[in-house]
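Take 5 as the starting number for the sequence shown in the numbering used here and just add one per residue.
Virtual Cβ for every residue (Gly too), placed ideally from N, Cα, C.
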Amino acid sequence: MKKIMFFVLHAALLLCVLGIAACLVVITITTGEKHMRGISGTDTYTAQSIVFMPPEPVADTGEGTVDINVDGIARLMLLPGIGESRARDIIEYRENVSPFFYPVDLTCVRGIGEATFEKIKDRICLTLPQP
């Protein structure tokens, strides 16, 4: 009697495992078909091309403007709130990390936040780096 019970239990367990495996196969096939044809079967997706337009240079408006991509420490220190240390940080950033492409890029320099940028944004210009 114990042998028959043992056999029935193992047969039932085997049927459960086979049932679960069959369900997984069906789910995988169904999901794969939906993925291949799109969810509704009619959806198509096309890649959109992105065109990058380089920024226009920020023109020098006259006396008192400072070119943040070209000028040295003495000229950078003419900007309100920029001392010698911060001027060195600006030069180090443009030489070692990236030149400035937009005036707001100046806020990437350590110690120059939104408040400082607001004070100096009308006094800066920039020459774009040549490729």
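- It is roughly 8 Å from the alpha-carbon of LEU130 to the alpha-carbon of TYR106.
- Under DSSP, VAL70 shares a beta bridge with ILE128.
- For TYR106, there is no enclosing alpha helix (DSSP H), as DSSP marks it with neither H nor E.
- With contacts defined as CB atoms closer than 8 Å, ILE128 and LEU82 fail to qualify as a contacting pair.
- For ARG114, no alpha helix (DSSP H) segment is defined, and its DSSP state is neither H nor E.
- For SER89, the three-state secondary structure derived from DSSP is helix.
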